[in-house]
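Notes follow once the structure below has been shown.
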Amino acid sequence: MGEGDITPFQALMTSLAATIGTGNIAGVATALAIGGPGAIFWMWITAAVGGATKYGEAVLAIKYRQTNDKGEKSGGPMYYAWKGMEDKFGGNWKWLGGAFAVFGFIASFGIGNMVQSNSVAAAMDETIGLSPVISGAVIAVLTALVILGGIKSIGKVTEKIVPIMAIIYVLGSLFILFTNAGKVGMAFGLIFSNAFNANAVSGGLVGTVIRMGVARGVFSNEAGLGSAPIAHAASKNDNPVTQGIIASLGSFLDTIVVCSMTALVILVSGLLTFDANGMMTVADGLTGAALTSRAFGIAMPGFGSFIVSFGLMFFAFSTIIGWYYYGSKCAEFLFGLKAEMPYKWAWVILTYVGATIPLGFVWNISDAFNGLMAIPNLVALLALSGSIFKWTKEYEEKEKLSA
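Residues in the sequence shown are numbered consecutively from 1, following the working numbering.
Printed below as a string of structure tokens:
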């Protein structure tokens with residue numbers, strides 16, 4: 001253990017709390033409905049690349065993190081895009097870190113807050129008939145109780161709820177796959193045979209298959225977005241390389257495990273059918289969470305849809321508290337510690353607002369700013385990749401000598 005605010009495990013769970021969200025349930029189903037089974041192959045490729053990206057991000061996050069006036073660690077792309085670039089190239093690069101912080105600050109209220117609370121409210125309305133006005137208030141109060149305690153409180157909550165919610169969802173999925181074991185091979189066959197074949201997709205464009213897989217993969221595991229290293233920077237770990245290794249597990253757990261479970265359950269459900277030419281039809285035109293819910297409901301009548309609904313609730317709630325930390329650190333970079341309390345209350349209020357209003361415009365804005373976040377992060381990551389390789393090699397040599 002080294003300097004920091006939370007344990008390395010809590011840092012991983014906080015990043016996973018923010019990462020495992022509606023994308024794992026609704027996003028995967030949308031990728032299948034629009035891009036066909038082949039989109040899942042490209043989602044896996046994105047996860048493989050994302051693992052390497054998250055490794056590099058976490059290495060830089062530990063290397064260039066700062067200590068604020070409260071004695072807490074602050075790090076992430078806003079700091080390595082500033083300090084790291086200045087170390088390598090000289091000059092003043094604070095503007096690049098500032099650009100990331102602006103985009104992250106704005107995006108946090110979309111992808112990390114209002115979109116998620118809206119998903120929770122919709123799931124509770126559908127499952128138990130609870131009004132969004134009431135569920136929104138409950139979500140806002142629970143969010144306030146967690147975030148008012150800061151990163152230590154967030155770490156303690158996420159290290160408990162993230163493993164539990166993921167295990168329940170994965171076990172439910174595995175039960176369905178076990179009871180449909182004869183169809184699992186067919187499901188994998190559809191994924192691989194359609195990866196470079198667009199017959200299943202309306203319009204017949206391979207680009208649609210790849211685009212949907214990559215887009216939903218990035219939305220799910222946040223590869224290259226630069227969000228996860230903000231959590232890893234708070235880890236009680238002074239070794240950048242070991243924290244990078246821990247961070248790289250995030251893409252595997254999020255996409256290879258959780259997203260794959262969703263995809264395979266949908267594929268064995270029979271809701272996707274193929275004609276003689278390989279053209280795919282989705283039952284009742286379903287997409288998003290509704291498609292996933294129907295698939296689970298078919299396999300586990302009377303119970304399966306509840307796994308999806310409650311999984312969606314917990315995944316989305318954990319994303320709200322994880323993304324609060326990301327946004328608060330962007331606000332701290334831009335405005336200093338004086339922004340902490342106003343940001344907290346704005347976060348709680350917008351959590352309620354998001355649950356009670358239509359969010360088409362918010363989705364569009366958050367998608368745009370997600371993409372903008374990636375630009376300064378990837379510029380810094382590529383520019384500093386030589387340093388990442390150097391520190392990794394030095395670590396490997398030390399490990400060989402101590403073996």
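Backbone N, C-alpha and C define an ideal beta-carbon position, used for all residues, glycine too.
Three-state secondary structure (DSSP) of phenylalanine 192: As a working note, residue 192 is residue 192 in the sequence shown. Of the three classes helix, strand and coil, the one that applies to phenylalanine 192 here is helix, per DSSP.
Using three-state DSSP, classify leucine 272 as helix, strand or coil. If you number the sequence shown from 1, residue 272 lands on position 272. Strand, per DSSP.
Who are the near neighbours of isoleucine 139 in its chain, counting only those whose CB is closer than 8 Å to its CB and skipping five residues on each side? Locating residue 139 in the sequence shown gives position 139, counting from the first residue. For isoleucine 139, where only same-chain residues beyond five positions count, the Cβ hits under 8 Å are Ser117, Val120, Ala121, Phe317, Ile320, Thr351, Tyr352 and Ala355.
Return the CA-CA distance between alanine 289 and phenylalanine 303, expressed in angstroms with no decimal places. Start at 1 with the first residue of the sequence shown, and residue 289 comes out as number 289. Start at 1 with the first residue of the sequence shown, and residue 303 comes out as number 303. Distance between the alpha carbons of alanine 289 and phenylalanine 303: 16 Å.
Suppose you measure from the CA of asparagine 24 to the CA of glycine 129; what does that come to, to the nearest Å? Here the question's residue 24 lines up with position 24 in the sequence shown. Here the question's residue 129 lines up with position 129 in the sequence shown. Roughly 24 Å separates the two Cα atoms.
Separation of glutamate 397 from serine 74, as counted between CA atoms: Start at 1 with the first residue of the sequence shown, and residue 74 comes out as number 74. Start at 1 with the first residue of the sequence shown, and residue 397 comes out as number 397. If I take the Cα positions, the gap works out to 29 Å.
Beta-carbon separation (whole angstroms), alanine 166 vs serine 309, contact threshold 8 Å: By one-based count along the sequence shown, residue 166 stands at place 166. By one-based count along the sequence shown, residue 309 stands at place 309. In fact, because the Cβ distance is near 16 Å, the residues do not count as touching under 8 Å.
Using the Cα positions of leucine 190 and glycine 278, report the straight-line distance between them to the nearest angstrom. Working through the sequence shown from its first residue, we reach residue 190 at position 190. Working through the sequence shown from its first residue, we reach residue 278 at position 278. When rounded, the distance between both Cα atoms is 10 Å.
When the distance is taken between beta carbons, is alanine 11 closer than 8 Å to alanine 405? This structure leaves residue 405 out entirely; the chain is present only between 1 and 403.
According to DSSP, is valine 6 part of a helix, a strand, or is it coil? Residue mapping note: residue 6 aligns to position 6 of the sequence shown, counting from 1. The sequence given here places isoleucine at residue 6; valine does not occur at that position. Correct three-state label for isoleucine 6: strand.
Looking only at C-alpha atoms, which of Val241, Asp69 and Leu145 sits nearest to phenylalanine 389? Counting from one through the sequence shown, the residue named residue 389 turns up at place 389. Looking at the Cα atoms, Val241 is the closest of the given residues.
Local conformation of methionine 279 per DSSP, three classes: The residue given as residue 279 occupies position 279 in the sequence shown. Here DSSP, grouped into helix, strand and coil, assigns methionine 279 to coil.
For threonine 67, the residue or residues it bridges with in DSSP: Position 67 of the sequence shown holds residue 67. Bridge partners of threonine 67: Lys73.
Quick one: using the 10 Å Cβ neighbour count with 16 as the cut-off for buried, is aspartate 69 buried or exposed? Numbered from its first residue, the sequence shown carries residue 69 at position 69. With fewer than 16 Cβ atoms within 10 Å of its Cβ, aspartate 69 is classed as exposed.
Outcome for alanine 181 when other beta-carbon atoms lying within 10 angstroms are tallied against a minimum of 16: The residue given as residue 181 occupies position 181 in the sequence shown. So alanine 181 ends up on the exposed side.
Could you name the residues that DSSP lists as bridge partners for serine 235? For the purposes of this step, residue 235 is taken as the residue at position 235 of the sequence shown. Answer is Ile6, bridged to serine 235.
Burial state of phenylalanine 296 (16 or more Cβ within 10 Å): Locating residue 296 in the sequence shown gives position 296, counting from the first residue. With 16 or more Cβ atoms within 10 Å of its Cβ, phenylalanine 296 is classed as buried.
Residue span of the alpha helix (DSSP H) that contains cysteine 330, given as start and end: Taking the first residue of the sequence shown as position 1, residue 330 is located at position 330. Start and end: 304-335.
Nearest to methionine 43 by CA position, among Met313, Leu253 and Ser305, is which residue? Along the sequence shown, read from residue 1 onward, the residue named residue 43 stands at position 43. Nearest option by C-alpha distance: Leu253.
Taking the continuous alpha helix (DSSP H) assigned at phenylalanine 109, which residues delimit it? Residue numbering aside, residue 109 sits at position 109 when the sequence shown is read from its first letter. Unbroken alpha helix (DSSP H) run through phenylalanine 109: 94-109.
How close, in whole Å, do the beta carbons of leucine 60 and tryptophan 82 come, if the pair is a contact with beta carbons under 8 Å? Residue numbering aside, residue 60 sits at position 60 when the sequence shown is read from its first letter. Residue numbering aside, residue 82 sits at position 82 when the sequence shown is read from its first letter. The Cβ separation is near 11 Å, so there is no contact.
If you check the beta carbons only, do glycine 322 and threonine 158 fall under 8 Å apart? Walking along the sequence shown from the start, residue 322 turns up at place 322. Walking along the sequence shown from the start, residue 158 turns up at place 158. A contact, by the Cβ cut-off of 8 Å.
Within 10 angstroms of the Cβ of phenylalanine 361, are there 16 or more other Cβ atoms? Answer buried if so, exposed if not. Within the sequence shown, the letter at position 361 stands for residue 361. By the 10 Å Cβ count, phenylalanine 361 comes out exposed.
If you check the beta carbons only, do tyrosine 55 and glycine 84 fall under 8 Å apart? Taking the sequence shown and counting its residues from 1, one reaches residue 55 at position 55. Taking the sequence shown and counting its residues from 1, one reaches residue 84 at position 84. No.
For serine 235, which option in Gly38, Ile40, Thr53 and Thr67 has the closest C-alpha, if you only look at C-alpha atoms? Within the sequence shown, numbered from 1, the residue matching residue 235 stands at position 235. Here the closest residue by C-alpha is Thr67.
So, with DSSP's three-state summary, where would you put threonine 392? Indexing the sequence shown from 1 puts residue 392 at position 392. Here threonine 392 sits in helix by DSSP.
Pull up the CB-CB distance for methionine 313 and alanine 107, whole angstroms please, since I reckon it's below 8 Å. The residue you call residue 313 lines up with position 313 of the sequence shown. The residue you call residue 107 lines up with position 107 of the sequence shown. Going by Cβ atoms, the distance from methionine 313 to alanine 107 rounds to 22 Å, so no, they are not a contact pair.
May I ask you to report which of helix, strand or coil DSSP gives glutamate 397? Residue 397 sits at position 397 when you count from the first residue of the sequence shown. Note: glutamate 397 maps to helix in three-state DSSP.
How is threonine 287 classed by DSSP in three states: helix, strand or coil? Translated into the one-based positions of the sequence shown, residue 287 becomes position 287. Correct three-state label for threonine 287: coil.
At a cut of 8 Å, does the region 100-115 reach the region 254-261 through at least three beta carbon pairs? no
Rounded separation between glutamate 419 and phenylalanine 188 - CA only: Not covered by the structure: residue 419. The range shown for the chain is 1 to 403.
How far does the alpha helix (DSSP H) with glycine 136 in it reach, from first residue to last? Translated into the one-based positions of the sequence shown, residue 136 becomes position 136. Residues 132-147.
Between isoleucine 6 and serine 173, what straight-line distance do the alpha-carbon atoms span, to the nearest angstrom? Working through the sequence shown from its first residue, we reach residue 6 at position 6. Working through the sequence shown from its first residue, we reach residue 173 at position 173. Looking at the two C-alpha atoms, the distance is approximately 31 Å.
Straight-line gap, lysine 338 to serine 269 (C-alpha atoms, nearest Å): As a first step, residue 338 is located in the sequence shown; it is residue number 338 there, counting from the start. As a first step, residue 269 is located in the sequence shown; it is residue number 269 there, counting from the start. Rounded to whole angstroms, lysine 338 to serine 269 spans 52 Å at the Cα level.
Would you grab the beta carbon distance between asparagine 197 and threonine 19 for me? Rounded to a whole angstrom, and I think it's under 8 Å. Within the sequence shown, the letter at position 197 stands for residue 197. Within the sequence shown, the letter at position 19 stands for residue 19. Going by Cβ atoms, the distance from asparagine 197 to threonine 19 rounds to 30 Å, so no, they are not a contact pair.
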